[in-house]
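Report on the structure given below.
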Amino acid sequence: MAVTSCDVAIVGAGLGGCFLALLLGRSGRHVVVVEQGPSVPTAGADFVKRPGMQVLARHGLVSLVERHALKRDIVRYYHDGEPIQECTYPDGFLIRPYRELVEVIYSSCAMQGVEFWFDSQIDHLAMDGDRVEHLSLADGRELRANVVIGADGTRSAVRQALGFDKESTSYPHLLRVATVPLTASVAQLNRLYFNSDGWFSYLYPINHDQARVFVGLPADDDREVFGTAGAPTLLNALSGLVTDNADAYTVLGSASWQAIPIAAMRVAAYHKGNAALLGSAAFACHPMTGMGMSYTLHDAEILAEIICAAEGDQDLLDKMLETGYEPRRRRHGELIDYGDALSGTFHDKPSYLRAFRQDLHVFGDTEPIGEEFVKVMG
Ligand SMILES: Cc1cc2nc3c(=O)[nH]c(=O)nc-3n(C[C@H](O)[C@H](O)[C@H](O)COP(=O)(O)OP(=O)(O)OC[C@H]3O[C@@H](n4cnc5c(N)ncnc54)[C@H](O)[C@@H]3O)c2cc1C
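Every letter in the sequence shown is one number past the one before it in full-length UniProt numbering, and letter 58, counting from 1, is 58.
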């Protein structure tokens with residue numbers, strides 16, 4: 001049996017896993033990333049907002065990420081076809097397709113000697129009390145590490161092995177996404193539409209040729225529109241919803257729509273002994289908060305600092321994770337609560353405007369700078 005020893009084993013090569021691996025690799029740690037897929041994942045967010053941009057800036061990565069990214073600074077919101085508010089992002093936010101973003105960070109890892117084991121499945125984690133003693137892989141290999149990070153997504157095997165309870169709650173709508181050719185109106189402005197029937201749609205460019213379109217709708221409507229009725233019914237519904245993107249109707253009619261599983265998830269603890277959870281393994285919030293990725297970058301930064309500061313001392317690591325990392329659960333809880341509150345009001349304009357929090361939407365868990373960046377229209 002092949003046994004490998006390293007300082008830090010990270011399960012999952014998504015944004016969280018790759019970014020943490022990069023930071024630890026830069027600080028001289030021997031890092032092994034175990035990824036079940038053949039490459040970095042493709043599905044995830046497109047937005048990096050202020051907290052995430054600040055983290056990238058602190059590590060000299062902004063220009064690398066910005067190079068092929070789009071920068072936007074306004075989102076216009078509509079209800080029942082009429083504009084209701086505009087939200088301004090004073091520093092702007094970046095749009096870069098998830099796979100590209102993760103690949104930028106993954107490529108930077110190569111220079112730091114980080115090992116990636118693709119097509120590698122975790123079979124089980126061997127525990128010694130509260131400590132992960134080693135990871136056994138499905139192909140018989142064994143990985144021994146001082147620290148183990150579960151950055152392995154919403155169904156995290158590491159979280160399950162650590163025995164952490166999780167609470168998932170579903171939303172009153174399903175979500176579909178399509179990537180379509182870019183039209184002039186989508187290139188002009190990010191627009192987010194809601195209506196009284198509980199539908200919503202978000203359209204934005206992801207590069208100079210393509211746009212991403214999300215459609216959220218009640219489960220019964222989803223069955224009808226995407227199951228039986230087809231494109232004419234979808235276009236009919238969108239014509240009353242997506243009122244300022246009429247040039248997109250033709251591309252929406254022939255789009256290929258994928259269902260996106262969405263649910264809020266809270267986990268009872270983020271660490272045990274020498275192991276911790278990161279990113280979607282630790283929390284999930286409504287995608288319309290647009291902050292999941294930015295928080296994950298910040299969490300990875302905190303974890304890297306703690307792991308380096310503990311310098312292999314297991315008791316110190318445990319204590320530092322308790323005091324320095326567990327408090328992130330409260331921050332995430334606030335974001336999850338916000339996403340839940342917001343998603344319950346999509347059908348009702350006054351409730352939506354009341355629930356909308358520019359501080360969380362624009363600044364996340366960084367300090368707001370105390371000015372008004374939301375203009376209510378009409
Ligand atoms: C469609 C969609 C839209 C989103 N929109 C937004 C948004 O607008 N704004 C925002 O900020 N956030 C959004 N998010 C959330 C954002 O993508 C996540 O916060 C971010 O991807 C977290 O990264 P991660 O590294 O934790 O997880 P992931 O990218 O999910 O990576 C987990 C990795 O672990 C691997 N893995 C899983 N199990 C195992 C195993 N047992 N062994 C080995 N490897 C394993 C997986 O293959 C995967 O590569 C969205 C997510 C989705 C899916």
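Note that the Cβ used here is the ideal one computed from N, Cα and C, for glycine as well.
Exercise for the section: Reducing DSSP to helix, strand and coil, say where Met127 ends up. Expected result: Counting from 1 along the sequence shown, the entry for residue 127 is found at position 127. Strand.
Exercise for the section: Taking only heavy atoms of ligand 1 into account, decide whether any of them is closer than 8 Å to the Cβ of Ser343. Expected result: The residue given as residue 343 occupies position 343 in the sequence shown. Not so, every heavy atom of ligand 1 lies at least 8 Å from the Cβ.
Practice task
Following the continuous alpha helix (DSSP H) through Tyr249, name the residue where it begins and the one where it ends.
Solution key: Within the sequence shown, the letter at position 249 stands for residue 249. First-last of the alpha helix (DSSP H) with Tyr249: Tyr249 to Gly253.
Problem - Closest by C-alpha distance to Ala178, when choosing among Asn146, Ala248 and Leu189 - result: The residue labelled residue 178 in the question sits at position 178 within the sequence shown. Comparing Cα-Cα distances from Ala178 to each of Asn146, Ala248 and Leu189, the minimum goes to Ala248.
Problem - Cβ-Cβ distance between Thr296 and Gly16 below 9 Å - result: Along the sequence shown, read from residue 1 onward, the residue named residue 296 stands at position 296. Along the sequence shown, read from residue 1 onward, the residue named residue 16 stands at position 16. Yes.
Practice task
Check the C-beta distance from Ser168 over to Met320 and give it rounded, since I have them as a contact under 8 Å.
Solution key: In the sequence shown, counting from the first residue as 1, residue 168 sits at position 168. In the sequence shown, counting from the first residue as 1, residue 320 sits at position 320. Ser168 to Met320, Cβ: 29 Å. No contact.
Problem - Cβ neighbours of Ala237 in the same chain (closer than 6 Å, five flanking residues each side left out) - result: Locating residue 237 in the sequence shown gives position 237, where the first residue counts as 1. So the list is empty, once near-sequence residues are dropped.
Practice task
Confirm the yes/no value for this check: CB of Phe346, any heavy atom of ligand 1, distance under 8 Å.
Solution key: Here residue 346 refers to the residue found at position 346 when the sequence shown is read from its first residue. Phe346 Cβ: outside cutoff for every heavy atom of ligand 1.
Problem - Unbroken alpha helix (DSSP H) run spanning Ala157, endpoints - result: To locate residue 157, count along the sequence shown from 1; it is residue 157. Element bounds for Ala157: Ala157 to Leu162.
Exercise for the section: With DSSP as the reference, label Met291 as helix, strand or coil. Expected result: Within the sequence shown, residue 291 is the residue found at index 291, counting from 1. Correct three-state label for Met291: coil.
Problem - Stretch-stretch touch, CB-based, cutoff 8 Å, three pairs: the stretch 140 to 156 with the stretch 6 to 14 - result: yes
Exercise for the section: For Ser196, verify whether its CB is less than 8 Å away from any heavy atom of ligand 1. Expected result: Locating residue 196 in the sequence shown gives position 196, where the first residue counts as 1. Result no, Cβ not under 8 Å from ligand 1.
Exercise for the section: Compute the beta-carbon to beta-carbon distance between residue 391 and Leu101, rounded to the nearest angstrom, for a pair I have assumed lies under 8 Å. Expected result: For the chain, the structure presents residues 1 to 378; residue 391 sits outside this window and is missing.
Exercise for the section: Give the range of the alpha helix (DSSP H) segment to which residue 387 is assigned. Expected result: Since the first residue of the chain shown is 1 and the last is 378, residue 387 is not available in this structure.
Exercise for the section: Could you tell me which uninterrupted beta strand (DSSP E) segments, each at least 3 residues in length, are contained entirely in the stretch 23 to 97, listed from first to last along the chain? Expected result: 31 to 34, 70 to 79 and 82 to 95
Handout entry: For Val242, the three-state DSSP class (helix, strand or coil)
Key = On the sequence shown, position 242 is the one that residue 242 refers to. Val242 falls in the coil class under three-state DSSP.
Exercise for the section: Tell me, to the nearest whole angstrom, how far the beta carbon of Gly153 is from that of Ser280; I am working on the premise that it is less than 8 Å. Expected result: For the purposes of this step, residue 153 is identified with residue 153 of the sequence shown, where counting begins at 1. For the purposes of this step, residue 280 is identified with residue 280 of the sequence shown, where counting begins at 1. The Cβ separation is near 5 Å, so the contact holds.
Handout entry: Stretch pair the stretch 329 to 344 + the stretch 162 to 176: three plus CB contacts closer than 8 Å
Key = yes
Exercise for the section: Count the other C-beta atoms from every protein chain shown that fall within 10 angstroms of the C-beta of Glu35, then say buried if there are 16 or more, exposed otherwise. Expected result: Stepping through the sequence shown from its first residue, residue 35 is reached at position 35. With 16 or more Cβ atoms within 10 Å of its Cβ, Glu35 is classed as buried.
Exercise for the section: Check whether the stretch 296 to 305 touches the stretch 242 to 261, taking contact to mean three or more Cβ pairs, one atom from each stretch, closer than 8 Å. Expected result: no
Handout entry: Asp46, buried or exposed, once every other Cβ within 10 Å from all chains shown has been counted against 16
Key = Here residue 46 refers to the residue found at position 46 when the sequence shown is read from its first residue. By the neighbour-count rule (16 or more Cβ atoms within 10 Å), Asp46 is buried.
Practice task
Inspect the beta-carbon positions of Gly364 and Arg58 and report whether they are closer than 9 Å.
Solution key: The residue given as residue 364 occupies position 364 in the sequence shown. The residue given as residue 58 occupies position 58 in the sequence shown. Their beta carbons are not under 9 Å apart, which means Gly364 does not touch Arg58 by this criterion.
Exercise for the section: Could you tell me the distance, in whole angstroms, from the CA atom of Glu86 to the CA atom of Leu316? Expected result: What you label residue 86 is simply residue 86 of the sequence shown in a count that begins at 1. What you label residue 316 is simply residue 316 of the sequence shown in a count that begins at 1. In a straight line, the C-alpha of Glu86 is about 47 Å away from that of Leu316.
Practice task
May I ask whether a heavy atom of ligand 2 can be found less than 8 Å away from the beta carbon of Pro205?
Solution key: Ligand 2 is absent from the structure shown, which contains only ligand 1.
Handout entry: Separation of Glu301 from Leu353, as counted between CA atoms
Key = Position 353 of the sequence shown holds residue 353. Position 301 of the sequence shown holds residue 301. Their backbone Cα atoms lie some 33 Å apart in a straight line.
Problem - From Asn274, His347, Tyr89 and Leu203, residue whose alpha carbon lies closest to that of residue 410 - result: Given a span of 1 to 378 for the chain in the structure shown, any question on residue 410 remains unanswerable.
Handout entry: Own chain partners of Leu20 with C-beta closer than 7 Å, once the 5 adjacent residues on each side are dropped
Key = As a working mapping, residue 20 is identified with position 20 in the sequence shown. Here the set comprises Ile10, Ile149, Ala151, Leu278, Ala300, Leu303 and Ala304.
Practice task
Out of Arg67, Tyr193 and Tyr338, point me to the one whose CA is closest to Ala355's CA.
Solution key: The residue labelled residue 355 in the question sits at position 355 within the sequence shown. Residue Tyr338 is the option with its Cα nearest to Ala355.
Handout entry: Beta-carbon proximity of Ala255 to Val180, cut-off 9 Å
Key = Stepping through the sequence shown from its first residue, residue 255 is reached at position 255. Stepping through the sequence shown from its first residue, residue 180 is reached at position 180. Result yes, Cβ atoms of Ala255 and Val180 sit closer than 9 Å.
Practice task
Give me the Cα-Cα distance between Ala219 and His286, rounded to the nearest whole angstrom.
Solution key: Position 219 of the sequence shown, counting from 1, holds the residue named residue 219. Position 286 of the sequence shown, counting from 1, holds the residue named residue 286. Taking the straight line from one Cα to the other gives about 16 Å.
Exercise for the section: Under 8 Å Cβ to Cβ from Ile369, same chain only, skipping five residues before and after it: list those, please. Expected result: Looking up residue 369 in the sequence shown gives position 369. The predicted model places Ile369 with a pLDDT of 49, which falls under 50 and marks its position as unreliable, so this point remains unresolved.
Exercise for the section: Please name the residue in Leu162, Asp359, Trp199 and Leu203 whose C-alpha comes closest to that of Val186. Expected result: Position 186 of the sequence shown, counted from the first residue, corresponds to residue 186. Cα-wise, what sits closest to Val186 is Leu203.
Handout entry: N-terminal and C-terminal residue of the alpha helix (DSSP H) that Val114 is part of
Key = Along the sequence shown, read from residue 1 onward, the residue named residue 114 stands at position 114. First-last for Val114: undefined, no H or E at that position.
Problem - Backbone secondary structure at Thr154 - three-state DSSP - result: Position 154 of the sequence shown, counted from the first residue, corresponds to residue 154. Coil, per DSSP.
Practice task
Could you tell me if the beta carbon of Gln36 falls within a distance shorter than 8 Å of some heavy atom in ligand 1?
Solution key: Indexing the sequence shown from 1 puts residue 36 at position 36. Yes; taking the cut-off as 8 Å, the Cβ of Gln36 has a heavy atom of ligand 1 nearer than that.
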